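Asker: Residue numbering for the sequence shown follows the working numbering, starting at 8 and increasing by one per position. The C-beta atom is built at its ideal place from N, Cα and C for all residues, glycine as well. Keep in mind the model is a prediction, meaning the values are calculated, not measured.
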Amino acid sequence: MSWHGRSPRDRGGASEANAGFSLLELVIVIVIISVLLVLAVSRLLALQVDAERVTMEMVAGILRSAIGMKVAESIVKSKVSELKVLEGSNPMDLLAEVPRNYLGEKEDVDPLKLEDGNWYFDKREKALVYLVRNRGFFEGGASNPPRARFSVRLVYSDTNGNGIFDQGIEKVEGLRLSSVEPYSWLRN
8 MSWHGRSPRD
18 RGGASEANAG
28 FSLLELVIVI
38 VIISVLLVLA
48 VSRLLALQVD
58 AERVTMEMVA
68 GILRSAIGMK
78 VAESIVKSKV
88 SELKVLEGSN
98 PMDLLAEVPR
108 NYLGEKEDVD
118 PLKLEDGNWY
128 FDKREKALVY
138 LVRNRGFFEG
148 GASNPPRARF
158 SVRLVYSDTN
168 GNGIFDQGIE
178 KVEGLRLSSV
188 EPYSWLRN
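#1: Leaving out five residues before and five after Arg183 in sequence, what residues of the same chain have Cβ atoms less than 6 Å from its Cβ?
#2: If we count Cβ pairs, one from each stretch, closer than 8 Å, do we get three or more for the stretch 67-84 versus the stretch 168-175?
#3: How big is the Cα-Cα spacing for Trp206 and Lys130?
#4: What span of residues does the alpha helix (DSSP H) with Val66 cover, start to end?
#5: Skipping 5 residues on each side, what residues in its chain have a beta carbon closer than 8 Å to that of Leu70?
#6: Smallest Cα separation from Leu52: which of Arg140, Leu119, Gly147?
#7: So what does Leu184 bridge to, in DSSP terms?
#8: Contact defined as beta carbons within less than 8 Å: I believe Gly147 pairs with Leu138. What is the distance between those atoms, to the nearest angstrom?
#9: Do you know offhand how far Leu44's Cα is from Leu54's?
#10: Name the residue from Ile176, Arg154, Thr166, Asp165 whose alpha carbon lies nearest to the alpha carbon of Glu188.
#11: How would you label Met8, buried or exposed, when you count the other beta carbons within 10 angstroms and need 16 or more for buried?
#12: What is the C-beta distance between Tyr127 and Leu121, in whole angstroms, given that I count them as a contact (C-beta under 8 Å)?
#13: Would you kindly report the start and end of the unbroken beta strand (DSSP E) that includes Ala134?
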């Protein structure tokens, strides 16, 4: 009998070996692809959180620099005592160009109605607010929704230790952009 006349079983299983993946091999490939996909998605999420954290801190850093420049200008002009009027002011007013995600000044605003990932100035609270987009990776700050709040505060020599600036008694030293509540970004 010639080779062509043999059944697949007579050929030593050659066509069975070329039949494709077995069920076990297919399951192993699916598991490997699933694990790689989970790793890729978690890494992408980590990058998104890091990008939001860095962007928020960059804006806060730019605002701190603008406040520092205003203080330096006041020192040069010998008008440091006039910095008192800037306490509680909107630090975005010191920038030549505000960030694209700045919504402006708001009064009696419900932060739940604003889109996450944006800044706004709360006129009633006298605080600059950042609404956190990646909520699960942010801790502290104000809650419901999670947000970081900052305010312009007066730096002065508290000679009598009462924690309140006393005009005429204490000396104004400058301004600082401070977080209203402590916060931190979590690593995943």
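Answerer: Straight from the coordinates:
#1: Arg160, Val162
#2: no
#3: Because the chain spans 8 through 195 in this model, residue 206 falls outside it and cannot be assessed.
#4: 30-83
#5: Pro98, Met99, Leu101, Leu102, Leu135, Phe157, Leu184
#6: Arg140
#7: Val159
#8: In fact, because the Cβ distance is near 15 Å, the residues do not count as touching under 8 Å.
#9: 15 Å
#10: Arg154
#11: Per-residue confidence for Met8 stands at a pLDDT of 48, beneath the threshold of 50, marking its modelled position as unreliable; the derived number appears in the next sentence. Result: exposed.
#12: 7 Å
#13: 134-138
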